[in-house]
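Engineer:
Number of protein chains: 2
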Amino acid sequence: IVNVEKICKDYQLGTHVVHALVDVDLRIGTSEFLSIVGPSGSGKTTLLNLIGCLDVPTSGSVRMFGEFETSKLDDRATTLLRRDRIGFIFQTFNLLPVLNVLENVALPLELQQVAKPEIARRVSELVEEVGLTEFARHRPDELSGGQRQRVAVARALITNPQLVLADEPTANLDHDTGMAVLELMLEMNRSHGTTFVFSTHDPKVMGIAKRIVTVEDGRIKEDRNVA
Amino acid sequence: IVNVEKICKDYQLGTHVVHALVDVDLRIGTSEFLSIVGPSGSGKTTLLNLIGCLDVPTSGSVRMFGEFETSKLDDRATTLLRRDRIGFIFQTFNLLPVLNVLENVALPLELQQVAKPEIARRVSELVEEVGLTEFARHRPDELSGGQRQRVAVARALITNPQLVLADEPTANLDHDTGMAVLELMLEMNRSHGTTFVFSTHDPKVMGIAKRIVTVEDGRIKEDRNVA
Ligand SMILES: Nc1ncnc2c1ncn2[C@@H]1O[C@H](COP(=O)(O)OP(=O)(O)OP(=O)(O)O)[C@@H](O)[C@H]1O
Ligand SMILES: Nc1ncnc2c1ncn2[C@@H]1O[C@H](COP(=O)(O)OP(=O)(O)OP(=O)(O)O)[C@@H](O)[C@H]1O
Ligand SMILES: [Mg+2]
Ligand SMILES: [Mg+2]
Numbered sequence: 029i030v031n032v033e034k035i036c037k038d039y040q041l042g043t044h045v046v047h048a049l050v051d052v053d054l055r056i057g058t059s060e061f062l063s064i065v066g067p068s069g070s071g072k073t074t075l076l077n078l079i080g081c082l083d084v085p086t087s088g089s090v091r092m093f094g095e096f097e098t099s100k101l102d103d104r105a106t107t108l109l110r111r112d113r114i115g116f117i118f119q120t121f122n123l124l125p126v127l128n129v130l131e132n133v134a135l136p137l138e139l140q141q142v143a144k145p146e147i148a149r150r151v152s153e154l155v156e157e158v159g160l161t162e163f164a165r166h167r168p169d170e171l172s173g174g175q176r177q178r179v180a181v182a183r184a185l186i187t188n189p190q191l192v193l194a195d196e197p198t199a200n201l202d203h204d205t206g207m208a209v210l211e212l213m214l215e216m217n218r219s220h221g222t223t224f225v226f227s228t229h230d231p232k233v234m235g236i237a238k239r240i241v242t243v244e245d246g247r248i249k250e251d252r253n254v255a
Numbered sequence: 029i030v031n032v033e034k035i036c037k038d039y040q041l042g043t044h045v046v047h048a049l050v051d052v053d054l055r056i057g058t059s060e061f062l063s064i065v066g067p068s069g070s071g072k073t074t075l076l077n078l079i080g081c082l083d084v085p086t087s088g089s090v091r092m093f094g095e096f097e098t099s100k101l102d103d104r105a106t107t108l109l110r111r112d113r114i115g116f117i118f119q120t121f122n123l124l125p126v127l128n129v130l131e132n133v134a135l136p137l138e139l140q141q142v143a144k145p146e147i148a149r150r151v152s153e154l155v156e157e158v159g160l161t162e163f164a165r166h167r168p169d170e171l172s173g174g175q176r177q178r179v180a181v182a183r184a185l186i187t188n189p190q191l192v193l194a195d196e197p198t199a200n201l202d203h204d205t206g207m208a209v210l211e212l213m214l215e216m217n218r219s220h221g222t223t224f225v226f227s228t229h230d231p232k233v234m235g236i237a238k239r240i241v242t243v244e245d246g247r248i249k250e251d252r253n254v255a
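Protein chains in written order, with the working numbering: chain A, 29 to 255; chain B, 29 to 255.
#1: Fully enclosed by the region 181-251 of chain A, which alpha helix (DSSP H) runs are 4 residues long or longer?
#2: For the beta strand (DSSP E) containing I29(B), name the first residue and the last one.
#3: If you follow the alpha helix (DSSP H) that A148(A) is in, where does it begin and where does it stop?
#4: Does ligand 3 have even one heavy atom less than 7 Å from the beta-carbon of Q119(A)?
#5: Give, in chain order, every unbroken run of the alpha helix (DSSP H) that is at least 4 residues long and sits entirely within the region 90-148 of chain B.
#6: Chain A partners of T73(B), CB-CB under 7 Å?
#7: Identify whether V254(B) lies in helix, strand or coil by the three-state DSSP scheme.
#8: Near ligand 2, which residues have their beta-carbon less than 5 Å from any of its heavy atoms, given in chain order?
#9: Under a CB-based cut-off of 8 Å, is D38(B) close to chain A?
#10: Taking the Cβ atom as the reference point for each residue, do T242(A) and V65(A) lie within a distance shorter than 8 Å?
#11: Could you please give me the residues that DSSP links to H47(A) through a beta bridge?
#12: Would you say the beta carbon of D195(A) comes nearer than 7 Å to a heavy atom of ligand 3?
#13: Could you work out which residues of chain A lie near G69(B), taking near to mean beta carbons separated by less than 7 Å?
#14: So, do the region 121-128 of chain A and the region 93-100 of chain A have three or more beta carbon pairs nearer to each other than 8 Å?
#15: Should H203(B) be flagged as near chain A, meaning a C-beta pair shorter than 8 Å?
#16: Taking the C-alpha atoms as reference points, what is the distance between G174(A) and G206(A)?
#17: Helix, strand or coil for D83(B)? Go by DSSP, reduced to three states.
#18: For the 8 Å Cβ check, are there 3 or more pairs between the region 195-213 of chain B and the region 35-44 of chain B?
#19: Using beta carbons (cut-off 8 Å, strictly below), is N77(B) in contact with chain A?
#20: Going by C-alpha to C-alpha distance, which of G71(A), K100(A), V30(A) sits closest to I114(A)?
#21: Ordered along the chain, which non-local residues of its own chain (more than five positions away) have a Cβ less than 6 Å from that of V151(A)?
#22: Would you say T120(A) lies against chain B (beta-carbon separation less than 8 Å)?
#23: In angstroms, rounded to a whole number, what distance separates the CA positions of P136(B) and E250(A)?
#24: Under a Cβ-count criterion, where at least 16 other Cβ atoms within 10 Å of its own Cβ denotes burial, should D195(B) be classed as buried or exposed?
#25: Any heavy atom of ligand 1 within a distance shorter than 7 Å of the CB on S227(B)?
#26: Between the alpha carbons of Q190(B) and L78(A), how many angstroms are there, rounded?
#27: On the DSSP bridge assignment, give the partners of F163(A) in chain order.
#28: Please state whether DSSP places L54(A) in a helix, a strand or coil.
#29: Of all the CB atoms in chain A, is at least one closer than 8 Å to the CB of L263(B)?
#30: Please list the residues of the region 179-205 of chain B that have a C-beta atom closer than 9 Å to any C-beta atom in chain A, keeping them in chain order.
#31: Note down, in chain order, every chain A residue with its Cβ under 7 Å from the Cβ of H166(B).
#32: In whole angstroms, what is the alpha-carbon distance linking V209(B) and G235(B)?
#33: Alpha carbon to alpha carbon, how far is P67(B) from A48(B)? Give it in angstroms, no decimals.
#34: Taking only heavy atoms of ligand 1 into account, decide whether any of them is closer than 7 Å to the Cβ of G115(A).
#35: Does H229(B) come within less than 8 Å of chain A when only Cβ atoms are used?
#36: For the pair the region 143-160 of chain A and the region 176-190 of chain A, tell me if three or more CB-CB distances fall below 8 Å.
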């Protein structure tokens, strides 16, 4: 469902160019559970942004779901593709500050125009699964760092997307809470065939991944199956 | 240098009250290297904010450096206390988006009106120590998550404060980069007697801490010396 071929991503800063990704090839299928690992600044978030159609490569192609080449899509097509098929957990959460937990998690379903009773049912169930029922009416600034992170997780999963891109989903979570979140994702992978692509430094995530892709200085250094 | 007595912190949300901290006593001296640990939502960030004079308790007292009781200080006194004696690494970084790395790190010294040549020398040295010399002129949105975190670390340490409060300082860092940051802090603790108080889930930090304070549901569950 993800076919990345020979992509390069450069950032121009004045006269100086940062080669964030260099010649990256990657193919990801359905039901995968893979972890992208590598040092700080090695290109993990950049790669996730390209796969998630939040950005386009400087050269090379990103082909999604067998049919969409991201650099050829217009804004409307990209928005629909992301809304309906991809769930994204950002490294910096990006919750809407004026909405509470329930409203932030409901938003993707509102955008898909799902019926209100179904939204209410699905949202309260997922908020329960990430342990935030007690805080359902808090807004992001009334939550701890780890609580905000869990809202971001719930929001990414609520639409039951085919592909979930999770950038450091456990960075602010204690061991037990992190494991609970990973169990939830593993269960969606088993029962729905959802593909999960993590960018992480957390050994717990690396421990349950079925495939590990190592990035260093913008290049893929290693790509191995572990289970 | 930190004397916390019987503090409670309540957050009022409409009719419902969150008891974020309940009856917390804590004494911290010079040259300490301690880690506050506990589940997500247990009160760690709230405790750091009270120690760092970013907030005042609902009841009880926080006495800093043997002389300042935080709930009795006016804004000006609190600002000076924080500026000159405390360094703070926030869980969400809080860098200034319009300033680059060098400017963000220099800011606390500018506020102390240190001479420009000395600022330049100290800033470039510390930026080197956190491995960001190559990215010195990038702004926060032109940096990776872990790079931004390292800028926040450098900014907290640049004034050589007596007390550093570090909220999840390694959450977005790979193992090696995280260890390098911890080594830097351990060295400041040994050579300057700087007290470090961490809030963390990272086993690496817990591994080098000399004292571990465990928080659960707003209460101190355990407080033990390990080295
Ligand atoms: N402004 C606020 N209004 C209401 N409740 C709040 C507010 N800030 C924090 N809380 C609540 O206080 C409790 C403690 O929050 P705190 O941020 O101290 O937790 P933490 O231990 O740092 O968690 P984490 O490990 O997830 O960062 C949480 O249950 C949180 O929801
Ligand atoms: N908008 C930008 N302009 C310039 N350079 C950028 C920009 N965004 C990222 N970079 C650079 O591209 C490189 C890769 O960044 P990326 O965010 O992908 O790293 P990462 O592997 O996610 O790191 P971390 O583990 O610290 O989150 C970094 O060196 C970063 O400084
Ligand atoms: Mg990143
Ligand atoms: Mg916190």
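Built from N, CA and C at the ideal position, the CB exists for glycine as well.
Structural biologist: To lay it out plainly:
#1: As far as the region 181-251 of chain A is concerned, its whole alpha helix (DSSP H) runs of at least 4 residues are 203-220, 231-236.
#2: What you label residue 29(B) is simply residue 1 of the second sequence in a count that begins at 1. I29(B) -> no beta strand (DSSP E), and no H or E assigned at all.
#3: Counted from its first residue, the first sequence places residue 148(A) at position 120. From DSSP, the alpha helix (DSSP H) with A148(A) extends over 144-157.
#4: The residue given as residue 119(A) occupies position 91 in the first sequence. With a cut-off of 7 Å, the C-beta of Q119(A) is classified as near ligand 3, since at least one heavy atom of the ligand falls inside that distance.
#5: Taking only runs of at least 4 residues, the alpha helix (DSSP H) segments lying wholly in the region 90-148 of chain B are 103-113, 129-139.
#6: Residue 73(B) sits at position 45 when you count from the first residue of the second sequence. Near T73(B) (Cβ distances below 7 Å), the residues of chain A are S172, G173.
#7: On the second sequence, residue 254(B) is found 226 positions in, with the first residue counted as 1. Three-state DSSP puts V254(B) in coil, outside helix and strand.
#8: A distance filter of 5 Å between CB atoms and the heavy atoms of ligand 2 selects the following residues in sequence order: Y39(A), V46(A), A48(A), S68(A), G69(A), S70(A), G71(A), K72(A), T73(A), T74(A), E170(B), L171(B), S172(B), G173(B), G174(B).
#9: Within the second sequence, numbered from 1, the residue matching residue 38(B) stands at position 10. With a threshold of 8 Å between beta carbons, D38(B) makes no contact with chain A.
#10: Numbered from its first residue, the first sequence carries residue 242(A) at position 214. Numbered from its first residue, the first sequence carries residue 65(A) at position 37. Yes, the pair counts as a contact, with Cβ atoms nearer than the cut-off.
#11: Translated into the one-based positions of the first sequence, residue 47(A) becomes position 19. In the DSSP output, where bridge partners are listed per residue, H47(A) has D38(A).
#12: Counted from its first residue, the first sequence places residue 195(A) at position 167. Yes, ligand 3 has a heavy atom inside 7 Å of this Cβ.
#13: As a working note, residue 69(B) is residue 41 in the second sequence. Neighbours of G69(B) in chain A, taken as residues at a C-beta separation under 7 Å, are given in chain order as S172, G174, Q175.
#14: The region 121-128 of chain A vs the region 93-100 of chain A: no contact.
#15: By one-based count along the second sequence, residue 203(B) stands at place 175. Taking Cβ atoms only, chain A reaches closer than 8 Å to H203(B), which makes this a yes.
#16: Residue mapping note: residue 174(A) aligns to position 146 of the first sequence, counting from 1. Residue mapping note: residue 206(A) aligns to position 178 of the first sequence, counting from 1. G174(A) and G206(A) have their alpha carbons spaced roughly 9 Å apart.
#17: Position 55 of the second sequence, counted from the start, is the residue given in the question as residue 83(B). Residue state, collapsed to three classes: coil.
#18: Look at the beta carbons and you see the region 195-213 of chain B not touching the region 35-44 of chain B: under three pairs across the two are nearer than 8 Å.
#19: As a working mapping, residue 77(B) is identified with position 49 in the second sequence. At a cut-off of 8 Å between beta-carbon atoms, N77(B) makes no contact with chain A.
#20: Here residue 114(A) is taken as the residue at index 86 of the first sequence, counted from 1. The shortest Cα separation from I114(A) among G71(A), K100(A), V30(A) belongs to V30(A).
#21: Numbered from its first residue, the first sequence carries residue 151(A) at position 123. L130, V133, A134.
#22: By one-based count along the first sequence, residue 120(A) stands at place 92. True, the Cβ-Cβ gap to chain B drops below 8 Å.
#23: Counting from 1 along the second sequence, the entry for residue 136(B) is found at position 108. Counting from 1 along the first sequence, the entry for residue 250(A) is found at position 222. The C-alpha of E250(A) is placed about 42 Å away from the C-alpha of P136(B).
#24: Counting from 1 along the second sequence, the entry for residue 195(B) is found at position 167. By the beta-carbon neighbour count (other beta carbons within 10 angstroms, threshold 16), D195(B) is buried.
#25: The sequence position of residue 227(B) within the second sequence is 199, counting from 1. With a cut-off of 7 Å, the C-beta of S227(B) is classified as near ligand 1, since at least one heavy atom of the ligand falls inside that distance.
#26: Residue 190(B) sits at position 162 when you count from the first residue of the second sequence. Residue 78(A) sits at position 50 when you count from the first residue of the first sequence. Distance between the alpha carbons of Q190(B) and L78(A): 44 Å.
#27: The sequence position of residue 163(A) within the first sequence is 135, counting from 1. None; F163(A) has no bridge partner.
#28: Working through the first sequence from its first residue, we reach residue 54(A) at position 26. In this structure, L54(A) counts as strand in the three-state DSSP scheme.
#29: The requested residue 263(B) does not occur in the structure, where chain B is confined to residues 29 to 255.
#30: Contacts with chain A (Cβ-Cβ distance below 9 Å) from the region 179-205 of chain B involve D195, E196, T198, A199, N200, L201, D202, H203, D204, T205, listed in chain order.
#31: Residue numbering aside, residue 166(B) sits at position 138 when the second sequence is read from its first letter. By Cβ distance, chain A contributes L41.
#32: Counted from its first residue, the second sequence places residue 209(B) at position 181. Counted from its first residue, the second sequence places residue 235(B) at position 207. Each residue's Cα considered, the two are about 14 Å apart.
#33: On the second sequence, position 20 is the one that residue 48(B) refers to. On the second sequence, position 39 is the one that residue 67(B) refers to. Their backbone Cα atoms lie some 13 Å apart in a straight line.
#34: On the first sequence, residue 115(A) is found 87 positions in, with the first residue counted as 1. Result no, Cβ not under 7 Å from ligand 1.
#35: By 1-based counting over the second sequence, the position of residue 229(B) is 201. Using a CB distance cut-off of 8 Å, H229(B) counts as an interface residue toward chain A.
#36: A contact exists between the region 143-160 of chain A and the region 176-190 of chain A.
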